[in-house]
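**Q** Counting in the working numbering, the sequence shown runs from 1394 upward without gaps.
One structure coming up, written as structure tokens, with questions to follow.
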Amino acid sequence: MRIKLPNKDSSGVVTAFYLTSKAYHSRNHDEIDFEFLGNNEEEPYILQTNIFVRDEGGREQRIGLWFDPTINFHTYGILWNQHQIV
């Protein structure tokens, strides 16, 4: 996925892509979330990931980005195999 985030103040905006096994509101769905949290100018951008297994989440990870994702398009991906999700 190639993404360029909106620049300036993006508080309250979440730019995301996700994978899901079923319709979002169905029971026992699995999901992988990849979310860029909105922020105020001059603050670092935060990437938040989460994994839901049979509707159970609670595996959030927050990563402070070391680059400015508003300057250029960047390629993001998910490596998913039988042993791990990276």
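The beta-carbon is built from N, C-alpha and C at its ideal position, and this holds for glycine as well.
1) What residues are listed by DSSP as bridge partners for Glu1428?
2) Just grab the DSSP bridge partners of Ile1478 for me.
3) Name the residue from Thr1463, Ile1444, Lys1397 and Ile1471 whose alpha carbon lies nearest to the alpha carbon of Glu1434.
4) Give me the Cα-Cα distance between Asp1402 and Gly1431, rounded to the nearest whole angstrom.
5) What does DSSP give as the partner residues of Arg1395 in its beta bridges?
6) DSSP has Gly1457 in a bridge; who is on the other side?
**A** In short:
1) For the purposes of this step, residue 1428 is taken as the residue at position 35 of the sequence shown. In the DSSP output, where bridge partners are listed per residue, Glu1428 has Ala1409 and Gln1441.
2) Within the sequence shown, the letter at position 85 stands for residue 1478. Beta-bridge pairing by DSSP links Ile1478 to Trp1473.
3) What you label residue 1434 is simply residue 41 of the sequence shown in a count that begins at 1. From the listed residues Thr1463, Ile1444, Lys1397 and Ile1471, the smallest Cα separation to Glu1434 is found for Thr1463.
4) On the sequence shown, residue 1402 is found 9 positions in, with the first residue counted as 1. On the sequence shown, residue 1431 is found 38 positions in, with the first residue counted as 1. Asp1402 and Gly1431: Cα-Cα distance of roughly 8 Å.
5) As a working mapping, residue 1395 is identified with position 2 in the sequence shown. Answer is Thr1468.
6) As a position in the sequence shown, residue 1457 is number 64, starting the count at 1. Ile1439, per the DSSP bridge assignment.
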